[in-house]
Amino acid sequence: MLFELEDVTATRAGRVVFEGLRANLAEGATGIVGPSGVGKSTLLRLLNRLADPSAGTVRYRGRDLREHDVLALRREVGLVPQLPALLEGTVADNVLYGPRLAKQDADVAGSLRLAGLDPAFEPRRADALSVGEQQRVMLARTLALQPSVLLLDEPTSALDDTTKAAIEATLRNLRERLGLSFVLVTHDLDQAARLADRVLVLEPGALSEAPPVAAPNA
Amino acid sequence: MIAAIHLGLEEVAATLALVAVAVAVAVWERTDLEADIAVAVARSFIQLTAIGFVIEAIFDNDSILWVALLLAVMVVFGALTARARARRVPDAFWVLLFALAISATATLALVLALGVFPVKARYLVPVGGMVIGNAMTASAVALNRLGDEIHDDAGRIEATLALGATGTQAIRPMARRSLRSGMIPLIDSTKTTGLIFFPGTMVGMLLAGASPTDAVRLQLVLLYVLLGAVALSTLLAVLLSRRAFFTPEHQLREQKGE
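Listed below in structure tokens is the structure:
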């Protein structure tokens, strides 16, 4: 099992976001849908320990998350946040940032290609990119760490339909080529159904199997 | 030789007209600073009058122990005052207390060891006061900026933590900018001193009848001493407060608001 959540309670800014959550997230691609404010992003933050639950246990591949080295865990379980938040400097600086900290080699051009960007972007300034390009650089710099799991927080929420379709194609391609496991959080049930093997609905206090969604025609 | 200037309370009161200008600007531009200005004026009057009596007693006594005690009290009040500008920094009081104490002690010790001033209350009290005052202002500016940047850029910091960065690595650019913002005002005023403005010590010495050469040399000594003290205090304040923003597991702590 990729992640097991056992009676997990999460709080943020002194408010209980969800309480006593129990769920198993299998290897492969899991989509998590639910209304705004229900705690989808909070749940992802628990999975790579940007936050800890106030009660309960989260296990990653059978071991309590707290038993893992937190920095190594974050490299292995890579989170791509909802909003682009690149570092100052070039695209290459951003892609190399994580591997340099871990004293690993990195294939900048390869990571950019995997994220659907031309390697010619390497010397471009990160703050001069479009939102869609920034989103891809966020994905590329996470991929440069060669993660085993990707946590994707609303990966296309800020994008137009064309860019959204392109990012979705990139994510499907990544799964095929690298065999990564995904946990994808989205408010869009159709997108979850297009990208994930299994879709769960997060509602106050419960994470349950989503009703079947009609396959997209495209 | 020109006679030293003597001012009565009526001359001091007359300068409140300029304070009224500052209050008018604050009200006009809704900067929400008018209460701060009133507190600053009242406190400066009471504190300076009180310290005048204390300094006179210490000068008469010329005891290093009393000097040290006075400077320690200044450090505590400096830390308390600066903390109010660093509300978003966890445990800011202790960080500031340590930063001010170390920078004042190190700077004064170095100045005495180099033989710039003799070990006498008449020199240590005013120089110590200037060092602590400038260190306090610079540290407060630096920590204010650090707290605000970390609050405003929490998303970018967490995105950087998610790449396997430690807390201190994730806020390195913010810490660097905070350090700069604390030090730049003094560096700029040092650059422009004599061209655009005459610093306080030099003005005071000239008004008191000292020769311009003596006034200039003392001012230069103080400017260079202050540069060192400000650099040390802002560095210590920023370095020591960085970790307080994170848990031992490199998670960004939820920050206090304004």
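Chains as they are written, first to last, in our numbering: chain Y, 33 to 250; chain G, 634 to 891.
No residue lacks a Cβ here, since even glycine has one placed at the ideal position from N, Cα and C.
Under the three-state reduction of DSSP, which class applies to residue 224(Y): helix, strand or coil?
helix
Against chain G, with Cβ distances strictly below 8 angstroms, would residue 102(Y) count as a contact?
yes
Going straight from the alpha carbon of residue 816(G) to that of residue 701(G), what length do you get?
26 angstroms
Rounded separation between residue 828(G) and residue 855(G) - CA only:
17 angstroms
Do residue 156(Y) and residue 127(Y) have their beta-carbon atoms positioned less than 8 angstroms apart in this structure?
no
Look up residue 235(Y) in the DSSP assignment and say whether it is helix, strand or coil.
strand
Does any residue of chain Y bring its CB to less than 8 angstroms from the CB of residue 876(G)?
no
Report the three-state DSSP secondary structure of residue 679(G) (helix, strand or coil).
helix
Taking a contact to mean a Cβ-Cβ separation below 8 angstroms, would you say residue 64(Y) touches residue 217(Y) in this structure?
yes
Do residue 795(G) and residue 111(Y) have their C-beta atoms within less than 8 angstroms of each other?
yes
Does the distance from the C-beta atom of residue 662(G) to that of residue 102(Y) stay below 8 angstroms?
no
I'd like to know whether the C-beta atoms of residue 708(G) and residue 681(G) end up nearer to each other than 8 angstroms.
no
Close-in-space but distant-in-sequence residues of the same chain around residue 80(Y) (CB under 7 angstroms, 5 per side omitted)
105, 106, 109, 111 and 183
C-alpha distance - residue 723(G) paired with residue 779(G), whole-angstrom precision:
11 angstroms
Under the rule that 16 or more other beta-carbon atoms within 10 Å means buried, what is residue 129(Y), buried or exposed?
buried
Beta-carbon of residue 88(Y) versus every beta-carbon of chain G: anything under 8 angstroms?
no
Measure from the C-beta of residue 797(G) to each C-beta in chain Y and report whether the shortest distance is under 8 angstroms.
yes
State whether the region 209-229 of chain Y contacts the region 64-73 of chain Y, with contact taken as three or more CB pairs (one from each stretch) at a distance under 8 angstroms.
yes
Positions along the region 141-174 of chain Y whose CB lies within less than 9 angstroms of some CB in chain G:
170, 173 and 174
Minimum Cβ-Cβ distance from residue 788(G) to chain Y less than 8 angstroms:
yes
On a Cα-Cα basis, can you pick out the residue from 189(Y), 53(Y), 209(Y) and 203(Y) that is closest to residue 90(Y)?
53(Y)
At which residues does the beta strand (DSSP E) containing residue 212(Y) begin and terminate?
From DSSP, residue 212(Y) is part of no beta strand (DSSP E); its letter is neither H nor E.
How about residue 6(Y): is its C-beta nearer than 8 angstroms to some C-beta of chain G?
The question about residue 6(Y) has no answer here: the residues shown for chain Y are numbered 33 through 250.
Measure from the alpha carbon of residue 50(Y) to the alpha carbon of each residue in 196(Y), 236(Y) and 241(Y), then state which is nearest.
236(Y)
Identify the contact partners of residue 95(Y) in chain G, using a Cβ-Cβ distance below 7 angstroms as the criterion.
Correct list: empty, because the minimum Cβ distance to chain G is about 16 angstroms.
Using DSSP's beta-bridge definition, name the partner residues of residue 64(Y).
217(Y) and 232(Y)
With C-beta atoms as the reference, is residue 168(Y) less than 8 angstroms away from residue 149(Y)?
yes
Contact list for residue 856(G) against chain Y, beta-carbon separation under 7 angstroms:
Per Cβ cutoff of 7 angstroms: no residues; residue 856(G) is ~33 angstroms from chain Y at best.
Between which residues of its own chain and residue 141(Y) is the CB-CB distance below 8 angstroms, once the five residues before and five after are set aside?
151 and 154
Within 8 angstroms, strictly: CB atoms of residue 860(G) and residue 834(G)
no
Answer with yes or no whether the minimum CB distance from residue 130(Y) to chain G is below 8 angstroms.
yes
So, does the CB of residue 782(G) fall closer than 8 angstroms to a CB anywhere in chain Y?
no
Just the C-alpha distance for residue 677(G) and residue 830(G), rounded to the nearest angstrom, thanks.
22 angstroms
Does the CB of residue 250(Y) have a neighbour CB from chain G at under 8 angstroms?
Confidence is the limiting factor: at residue 250(Y) the pLDDT is only 41, short of 50, which leaves the residue's position unreliable and the question unanswerable from this model.
Within the same chain, show all residues whose beta-carbon is closer than 7 angstroms to that of residue 667(G), passing over the 5 residues directly before and after it, in chain order.
656, 659 and 660
Along chain G, which residues have their Cβ under 8 angstroms away from the Cβ of residue 120(Y)?
806
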